[in-house]
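Working notes, structure below.
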Amino acid sequence: MGYKVRFVEPGRNYRMIRDEIDAAYFEVMSNGDLIDRGQLKRFEENLASFVGTKYAVGLNSGYDALHISLRAVGIGAGDEVILPAHTFVASASAIVNVGAKPVLVDVGKDFNINVDKIEEAITQNTKGIMPVHLNGYMADMVKVMEVAHQHHLVVVEDACQSLGAKMNGKGAGAWGLTGCWSFYPFKILGGYGDGGAITTDDPDVALFATRMRYNGEDRKTGEYHGHGFTCLLDNLQAAFLDIKLRHLPDWIKRRREIAQQYREGLSDLADLMLPHYDDTRRDHVYQNYVLRSKQGDFFSDYLQNNGVEVLIQFRKPYYKHEALKVENRGFPETEALSREVCSLPLNVEITDEEVGYVISVIRSFYGK
Ligand SMILES: Cc1ncc(COP(=O)(O)O)c(C=O)c1O
Numbered sequence: 079m080g081y082k083v084r085f086v087e088p089g090r091n092y093r094m095i096r097d098e099i100d101a102a103y104f105e106v107m108s109n110g111d112l113i114d115r116g117q118l119k120r121f122e123e124n125l126a127s128f129v130g131t132k133y134a135v136g137l138n139s140g141y142d143a144l145h146i147s148l149r150a151v152g153i154g155a156g157d158e159v160i161l162p163a164h165t166f167v168a169s170a171s172a173i174v175n176v177g178a179k180p181v182l183v184d185v186g187k188d189f190n191i192n193v194d195k196i197e198e199a200i201t202q203n204t205k206g207i208m209p210v211h212l213n214g215y216m217a218d219m220v221k222v223m224e225v226a227h228q229h230h231l232v233v234v235e236d237a238c239q240s241l242g243a244k245m246n247g248k249g250a251g252a253w254g255l256t257g258c259w260s261f262y263p264f265k266i267l268g269g270y271g272d273g274g275a276i277t278t279d280d281p282d283v284a285l286f287a288t289r290m291r292y293n294g295e296d297r298k299t300g301e302y303h304g305h306g307f308t309c310l311l312d313n314l315q316a317a318f319l320d321i322k323l324r325h326l327p328d329w330i331k332r333r334r335e336i337a338q339q340y341r342e343g344l345s346d347l348a349d350l351m352l353p354h355y356d357d358t359r360r361d362h363v364y365q366n367y368v369l370r371s372k373q374g375d376f377f378s379d380y381l382q383n384n385g386v387e388v389l390i391q392f393r394k395p396y397y398k399h400e401a402l403k404v405e406n407r408g409f410p411e412t413e414a415l416s417r418e419v420c421s422l423p424l425n426v427e428i429t430d431e432e433v434g435y436v437i438s439v440i441r442s443f444y445g446k
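All letters in the sequence shown, in the order written, are residues 79 to 446 by this note's numbering.
Structural data, given as structure tokens:
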């Protein structure tokens, strides 16, 4: 169908910064700087400083950041890692693929792990907690770190959706042993293909990741320090991401403006739950504007049929996919939200008129 408002407009985003992107492309290509060059190093330095950590290590994907973080502390067979029941499947797959068991905990109204339920999931095999900062809003990391310290657990932050989000002024990805980032094209900082990174204050973890992304090799000495992977962030992608990172503070402001427009246009509709929260300690960066509609599919289908492209994440929670063999301990909030979630278009390319159109379609669904 011909949408009036697309969920994302990557071509439009490119045209906004075309001169800078094209210049970077020609510089990298004409110098032949394809693998592990200055652009990667520069981006890593700028990312670390943006997040507030000592190191950043560029990788191929958010998934790589997660499993390499777990491997860095030797989490594997027989170990358990706690994570939310509502997240993208890659969070759980990273745990399974190092040989450990994912132990799921229900989420709260903010879509993040319910911190009051973490302790009851801890067993003698628990080695780590993987909070996921979903949609651009951090999990309550004050509480997560408190529980982790008490029980001597490692914290690996899945921050793939929340670059720039903060709690008490401290950035997502700067609390745990590592912060894990995805630069998948439609992330708040998205490349033109897959990409990811680890941020950390721990020099050993940074070194481990730097070697593992290169098949375990120390590039200076040629020594292999273990069986690794091929998962280095491309130099060309790093050059593009570095440009976009410079725009990110302004782009986050714009995202907040749009979220505010949705709030003003929709907050009187009783059947909608909007993603605005009272906790003044945490700032939302609106990677996704996920609302809950009591009308579920009727609501999202109506938007789609009226030219508004929306994203549904997820009608079927990952623990209900049989092939994944993840233990379902019963997660009422995740069940409820999965029937109701709908993400509205929110990106830096969208115009105020388009936001107004989305609001008018939603109001017409509710007869307003
Ligand atoms: C919460 C979360 N975790 C992990 C990932 C995995 O990132 P990637 O697709 O870069 O592997 C993503 C993004 O896709 C994500 O949203």
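For every residue, glycine included, the Cβ atom is placed at its ideal position computed from N, Cα and C.
Taking the CA atoms as reference points, V220 sits about 46 Å from N109. Closest in C-alpha terms to A252, from the list P209, M290, D272 and Y262, comes P209. Check the Cα spacing between N203 and each of V106, I437, R120 and L231: the tightest is with L231. Ranking S416, Y340 and V283 by CA distance to the CA of I440 puts Y340 first. DSSP places R291 outside both helix and strand once states are collapsed to three, so it counts as coil. About 4 Å separates the Cβ atoms of T277 and T131, confirming a contact at the 8 Å cut-off. Residue burial annotation: S169 is buried, with at least 16 other C-beta atoms found within 10 angstroms of its C-beta.
Assigned with DSSP and collapsed to three states, E158 falls in strand. In this chain, the beta strand (DSSP E) harbouring Y133 covers Y133 to L137.
Boundaries of the alpha helix (DSSP H) around A170: V167 to N175. By the CB criterion at 8 Å, T256 and E224 fall outside the cutoff. The alpha-carbon of Y355 is positioned some 25 Å away from that of S260. The beta carbon of G269 is closer than 7 Å to those of F261, P263, Q315, F318 and L319 in its chain, skipping five residues each way along the sequence.
Ranking M94, L118, I160 and K179 by CA distance to the CA of L402 puts K179 first.
According to DSSP, V368 shares a beta bridge with S421. In the DSSP annotation of this structure, the continuous segment of the beta strand (DSSP E) that includes P180 starts and ends at K179 to V183. At least one heavy atom of ligand 1 lies closer than 7 Å to the C-beta of G140. In this structure, DSSP gives V386 an extended state, which the three-state scheme calls strand. Bounds of the beta strand (DSSP E) holding A275 are G274 to T278.
If you ignore the 5 residues before and after I95, its C-beta comes within less than 6 Å of no other C-beta in its own chain. When rounded, the separation of the alpha-carbon atoms in S371 and T358 is 25 Å. Listed as beta-bridge partners of E235 by DSSP are G257. When distances are taken from the beta-carbon of S169 to the heavy atoms of ligand 1, the shortest one is below 7 Å.
Remark: C-beta atoms of K265 and Q117 do not approach each other more closely than 8 Å.
Look at S416: its beta carbon is at least 7 Å from all of the heavy atoms in ligand 1. Taking V176 as the centre and dropping the five residues before and after it, the same chain places the C-beta of H145, L148, R149, I153 and G154 closer than 8 Å to its C-beta, in chain order.
Annotation for Y262 indicates a beta carbon within 7 Å of some heavy atom of ligand 1.
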